[in-house]
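Residues in the sequence shown are numbered from 134 upward in steps of one, following our numbering.
Where a beta carbon is used, it is the ideal one built from N, C-alpha and C, also for glycine.
Keep in mind the model is a prediction, meaning the values are calculated, not measured.
What follows is a set of notes on a single structure, which appears directly below.
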Amino acid sequence: MANVTQGLERVAVAESRICSIDGEQGELIYQGYDIQDLATNTTFEEVAYLLWRGDLPTQAQLSQLNEQFVSERDVDDAVYALVKALPKSTVTMDALRTLVSLLASYDDEMADNSPDANMRKSVRLTAKIPTLLAAAHRAQKGLEPIRPEPTGSIASNFLYMLSGTEPDDFVAKTLDTALILHAEHGMNASTFSGRVTVATLADLYAGVTSAIGTLKGPLHGGANALVLEMLGEIGDPSKAADYVARVLDGSHTVGTLAPKRIPGLGHRVYKALDPRATVLRGMSRTLGDRAGDLHWIDLSEAVVEACEAAGLSQKAVYPNVDFFSASTYQTMGIDTSLFTPVFAMARITGWTAHIMEQHAQNRLIRPHAVYVGERGRVTKPISER
């Protein structure tokens with residue numbers, strides 16, 4: 134009988150030049166560059182170029198890419214009409230999945246899987262997804278969409294489209310850095326689902342739609358919203374230790390998580406501290422200092438201290454990227470319903486990089502399952518069953 138690896142843990146399914154993760158050392162690399170280097174010294178647009186093309190752009194290349202992003206930001210009036218027509222109860226991730234499928238219908242290159250066409254589609258989706266998210270979020274609140282501006286970064290323009298107010302430069306840069314940290318992470322569940330989809334030679338939009346549906350799950354992209362739910366239940370840092378104890382002994386559960394699980398702690402790959410969490414923790418504290426609101430970062434750090442006191446760090450259970458992104462986004466004023474969609478807004482660059490890589494070296498992904506059911510059964514007439 135073949136061996137079964139539940140969850141495909143530690144199973145290599147492809148060779149890739151896009152991303153390297155060393156879970157034992159807590160190292161994350163995009164195309165050869167350490168994530169903390171990129172978070173400190175580049176922009177999200179530069180990282181998009183890096184993931185797609187393998188090198189950081191020159192100034193001329195970056196200027197050209199930014200011009201392409203700006204020219205592709207807006208969407209057809211019919212797309213805005215569908216946004217308004219969606220039920221106000223529509224979850225933003227569901228709206229995004231639907232709207233990305235609709236965008237495919239307006240793209241003359243939808244079925245063209247050539248490298249050049251896929252690159253152009255990657256630029257279009259990266260430019261348009263912030264517009265879709267902001268429009269869908271405003272529609273849920275009964276507000277008209279705000280059209281994108283022809284200037285500014287992806288991060289700053291997204292914040293503008295949410296409120297109609299130009300964002301503070303530091304806040305926009307903080308979001309830009311958060312997008313870098315979320316842009317790529319190897320063969321995670323959503324990236325894998327996207328690669329499986331396009332390995333059938335389905336188009337890039339189909340792969341991205343699969344990835345969005347996968348990211349929605351609370352064990353993947355939905356964890357940061359659960360972190361905020363937990364912080365809201367705790368309410369005060371002095372109550373963190375008791376709350377953590379109740380979760381760990383199984384007398385209280387957080388949202389949809391399994392018993393004895395703290396959202397935003399632990400990772401399938403990292404057995405050391407997630408390097409993205411380190412950056413986000415510092416950003417969240419700085420953002421809170423500037424805003425005069427340390428409530429969320431103080432709560433977050435109280436939970437971490439309680440978990441460390443409970444011995445979780447000795448079991449290699451540390452905060453992951455979702456944990457401190459919750460306090461960061463909350464302090465920025467980003468609505469909880471947008472936490473996972475913002476993840477998608479960043480990860481579109483990694484998804485599309487992997488989709489292009491899959492198309493370039495394609496082989497149908499077709500694993501098998503070990504059958505453990507019965508054999509030799511014989512059909513009886515329906516009257517005898």
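Around the Cβ of Val-233, a 10 Å sphere holds 16 or more other Cβ atoms; the residue is buried.
Inter-segment contact for the segment 454-461 and the segment 351-359 is present: three or more beta-carbon pairs are separated by less than 8 Å.
At a cut-off of 4 residues, the continuous stretches assigned as alpha helix (DSSP H) that sit fully inside the segment 324-408 are 337-348, 356-367, 373-381. The alpha-carbon of Ala-493 is positioned some 17 Å away from that of Leu-183. Going by DSSP, Glu-160 is part of the beta strand (DSSP E) stretching over 160-163. Remark: C-beta atoms of Asp-336 and Ala-486 do not approach each other more closely than 9 Å. Gly-327 and Ala-316 do not touch by the CB rule: their CB atoms are close to 14 Å apart, not below 8 Å. Taking a C-beta distance under 9 Å as the contact criterion, Pro-396 and Met-363 qualify as a contact pair. For the options Leu-314, Gly-350, Ala-237, the alpha carbon positioned closest to that of Thr-389 is the one of Gly-350. The beta carbon of Val-216 sits closer than 6 Å to those of Ala-268, Ala-269, Ala-272, all from its chain and outside the five residues before and after it, given in chain order.
Where Ile-154 is concerned, the enclosing beta strand (DSSP E) starts and stops at 152-155.
With a cutoff of 9 Å on beta-carbon distance, Pro-370 and Leu-292 are scored as not near each other. Taken through DSSP and simplified to helix, strand or coil, Pro-452 comes out as strand. In this structure Asp-188 is exposed. Its beta-carbon is surrounded by fewer than 16 other beta-carbon atoms within 10 angstroms. Look at Tyr-166 here: in three-state DSSP terms it is strand. Cα atoms of Thr-347 and Glu-517: separation of roughly 43 Å, rounded to the nearest angstrom. Segment contact: the segment 409-418 against the segment 307-325, three or more CB-CB distances shorter than 8 Å; contact assigned. With a 10 Å radius around the Cβ and a threshold of 16 neighbouring Cβ atoms, Thr-175 comes out buried.
Under the three-pair Cβ rule at 8 Å, the segment 433-440 does not count as touching the segment 270-290.
By the neighbour-count criterion, in which 16 or more other beta carbons inside 10 Å mark a residue as buried, Leu-198 falls on the buried side. Excluding five sequence positions before and after Arg-257, the CB atoms of its chain that fall closer than 6 Å to its own CB belong to Glu-205, given in chain order. Within the model, the alpha-carbon separation for Tyr-376 versus Ile-367 is close to 7 Å. Beta-carbon to beta-carbon, Tyr-504 and Tyr-451 are separated by about 38 Å, too far to satisfy the 8 Å threshold.
Straight-line spacing of the CA atoms in Thr-461 and Asp-468 works out to 11 Å. The C-beta distance from Ile-151 to Gln-164 rounds to 6 Å, short enough to meet the 8 Å contact threshold. Ser-196: member of the alpha helix (DSSP H) spanning 192-205, first to last residue.
In this structure, Leu-161 lies away from His-353, with their beta-carbon atoms at least 9 Å apart.
Taking a C-beta distance under 9 Å as the contact criterion, Val-212 and Leu-276 do not qualify as a contact pair.
Relative to the Cα of Ser-255, the nearest Cα in the group Gly-506, Ala-502, Glu-490 belongs to Glu-490. For His-501, the three-state secondary structure derived from DSSP is coil.
Around Val-304, the same chain offers Met-465 as residues with beta carbons nearer than 6 Å, after the five sequence neighbours per side are excluded. Beyond the five residues adjoining it in sequence on each side, Gly-156 comes within less than 6 Å, by CB distance, of Val-402, Tyr-403, Lys-404 in the same chain, given in chain order. CA-CA distance, Leu-195 to Gln-201, rounds to 10 Å.
For Ile-313, the uninterrupted alpha helix (DSSP H) run begins and ends at 302-315, by DSSP. For Arg-186 and Val-180, the gap between their C-alpha atoms comes out near 10 Å.
One alpha carbon belongs to Gly-399, the other to Thr-191, and they sit about 38 Å apart.
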